[in-house]
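Notes to accompany the following structure.
Residue numbers (the numbering used here): 529 to 828.
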């Protein structure tokens with residue numbers, strides 16, 4: 529069983545934080561994705577290695593156990609040991625057993641193939657374990673805020689076939705969309721699942737806070753002082769908003785139910801907050817200026 533340096537695979541330091549690992553994975557996944565390198569077997573294998581490394585290093589529990597394994601293995605190599613003769617069972621005994629996913633407890637008597645496959649997936653299992661466990665694959669996908677608001681779709685190519693995947697409204701950065709049976713296949717032809725890892729691109733107009741949205745809206749000084757109405761474009765169409773008298777720049781006007789759809793909660797939406805920016809005329813006639821100065825003196 530060969531030890532793989534997943535940190536080297538992703539090109540990150542062993543002390544890298546979760547955000548650094550995520551960024552490295554996304555960059556490499558885009559570079560070596562099969563759709564970008566059609567027919568290139570080396571890129572395909574590299575893509576598999578990148579997904580394998582990210583699957584372990586992005587999971588705190590898996591990463592902790594992997595680091596323990598790596599430390600013992602590296603000590604063995606540094607002492608002059610032949611990697612082909614490394615005693616993996618001795619490592620398991622020294623570790624005293626592990627608690628895997630769920631409530632399964634592994635001890636030194638446990639089968640090593642089951643131990644490693646449960647902790648890390650098929651990559652650490654014996655050959656027979658590898659042949660029976662299909663592997664899931666993650667693929668980063670970037671969408672716009674408008675697409676996240678309405679829902680969208682992406683067409684993916686897998687084994688020469690185009691697959692249209694629906695992305696539901698309300699997804700956030702980090703949301704995962706599961707495509708059943710489109711992952712890696714094992715020796716028996718069984719396929720794991722494909723997970724699209726969503727990244728919602730920053731928007732020039734809107735700020736997103738969970739399911740709420742914030743945007744700036746310009747209001748002229750006279751409407752801000754006297755009150756009135758303003759027409760505001762939103763992701764669901766134009767809205768006529770009532771501006772209360774005496775509205776100051778920076779004040780927020782709340783529009784209920786005009787924010788992002790709540791994922792998995794049909795018919796529910798967050799709120800839209802309009803942040804008022806008061807504008808003033810650039811040029812005034814002498815008569816208007818005199819009138820404004822008279823009004824200003826009254827309120828000073």
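Virtual Cβ for every residue (Gly too), placed ideally from N, Cα, C.
Requested in this report: On the DSSP bridge assignment, give the partners of residue 686 in chain order.
Outcome: DSSP, once it has assigned bridges, lists 689 as partnering residue 686.
Query raised in the report: Pairing CB atoms from the segment 794–802 with CB atoms from the segment 699–709, are three or more of them under 8 Å?
Result: With the cut-off at 8 Å, the segment 794–802 and the segment 699–709 do not touch.
Query raised in the report: Sorted by chain position, which residues of the same chain lie with C-beta nearer than 7 Å to residue 552's C-beta, five sequence neighbours on each side aside?
Result: Closer than 7 Å at Cβ, skipping near neighbours: 538, 539 and 540.
Query raised in the report: With which residues is residue 761 paired in a DSSP beta bridge?
Result: DSSP output for residue 761 lists 766 as bridge partner(s).
Query raised in the report: Per the contact definition of three or more C-beta pairs closer than 8 Å, is the segment 728–746 in contact with the segment 684–692?
Result: Output reads no: the segment 728–746 does not touch the segment 684–692.
Query raised in the report: In angstroms, rounded to a whole number, what distance separates the CA positions of residue 667 and residue 557?
Result: Roughly 7 Å between the two C-alpha positions.
Query raised in the report: If you check the beta carbons only, do residue 685 and residue 563 fall under 7 Å apart?
Result: In contact: residue 685 and residue 563 (Cβ atoms closer than 7 Å).
**Report entry** Sequence-distant residues of its chain with Cβ nearer than 7 Å to residue 713 (five each side left out)
**Finding:** Closer than 7 Å at Cβ, skipping near neighbours: 662 and 719.
Query raised in the report: Run through DSSP, which three-state label would residue 788 get?
Result: Three-state DSSP puts residue 788 in coil, outside helix and strand.
Report task. Return the residue from the list 804, 578 and 681 that minimises the CA-CA distance to residue 533. Result -> Closest by alpha carbon: 578.
Report task. Could you have a look at residue 819 and say whether DSSP puts it in helix, strand or coil? Result -> Of the three classes helix, strand and coil, the one that applies to residue 819 here is helix, per DSSP.
Query - Exposed unless 16 or more other CB atoms sit within 10 angstroms - verdict on residue 716 - result: By the neighbour-count rule (16 or more Cβ atoms within 10 Å), residue 716 is not buried but exposed.
Query raised in the report: Can you check whether the CB of residue 760 is closer than 7 Å to the CB of residue 777?
Result: Going by beta carbons, residue 777 and residue 760 fall outside the 7 Å limit.
**Report entry** Contacting residues, own chain, Cβ-Cβ under 8 Å from residue 754 (five flanking each side not counted)
**Finding:** Counting only Cβ-Cβ distances below 8 Å, and skipping sequence neighbours, we find 773.
**Report entry** Straight-line Cα distance separating residue 589 from residue 633
**Finding:** With a pLDDT of only 32 at residue 633, under the threshold of 50, the placement of this residue in the model should not be trusted, and no figure is reported.
Query - Supposed close pair residue 722, residue 669 - CB separation, criterion 8 Å - result: Your pair residue 722 and residue 669 does not check out as a contact, with CB atoms roughly 11 Å apart and the cut at 8 Å.
Query raised in the report: What's the call for residue 827, buried or exposed, on a 16-neighbour Cβ count within 10 Å?
Result: So residue 827 ends up on the exposed side.
Query raised in the report: Which term fits residue 550, buried or exposed, when burial requires 16 or more other beta carbons within 10 angstroms of its beta carbon?
Result: With 16 or more neighbouring CB atoms inside 10 Å of its own CB, residue 550 falls in the buried class.
**Report entry** Where residue 583 falls, given that 16 or more other Cβ within 10 Å makes a residue buried
**Finding:** Buried, because 16 or more other Cβ atoms sit within 10 Å of the Cβ of residue 583.
Requested in this report: Could you tell me the boundaries of the alpha helix (DSSP H) in which residue 704 lies?
Outcome: That residue, residue 704, is in no alpha helix (DSSP H); its beta strand (DSSP E) goes 704–707.
Query - Close Cβ partners of residue 655 (< 8 Å) along its chain, the five nearest in sequence each way excluded - result: A caution first: residue 655 carries a pLDDT of 42, below 50, which makes its placement in the model unreliable, though a value can still be read off. Shown here for residue 655: not one same chain residue has a beta carbon closer than 8 Å to its own, the five before and five after excluded.
**Report entry** Length of the line joining the Cα atoms of residue 574 and residue 580
**Finding:** So the two alpha carbons sit approximately 10 Å from each other.
Report task. Could you please give the first and the last residue of the uninterrupted alpha helix (DSSP H) stretch that includes residue 574? Result -> Residues 569–585.
Query raised in the report: Of all the options 781, 823 and 671, which has the alpha carbon lying nearest to the alpha carbon of residue 704?
Result: Considering only alpha carbons, the answer is 671.
Requested in this report: Let me know the secondary structure DSSP gives residue 748 once reduced to three states.
Outcome: Reduced to three states, the DSSP call for residue 748 is strand.
Report task. Kindly identify the DSSP beta-bridge partner or partners of residue 589. Result -> Note: residue 589 sits in no beta bridge, so no partner.
Report task. For residue 808, count neighbouring Cβ atoms within 10 angstroms of its own Cβ and tell me buried if that reaches 16, exposed if not. Result -> Within 10 angstroms of the beta-carbon of residue 808 lie fewer than 16 other beta-carbons, which makes it exposed.
Query raised in the report: Where does residue 752 land, buried or exposed, given buried means 16+ other C-beta within 10 angstroms?
Result: By the 10 Å Cβ count, residue 752 comes out buried.
Query raised in the report: Going by DSSP, which residues form a beta bridge with residue 781?
Result: The partner list for residue 781 (beta bridge, DSSP) reads 802.
**Report entry** Whether residue 731 touches residue 673 by CB criterion (7 Å)
**Finding:** The Cβ-Cβ distance between residue 731 and residue 673 falls below 7 Å.
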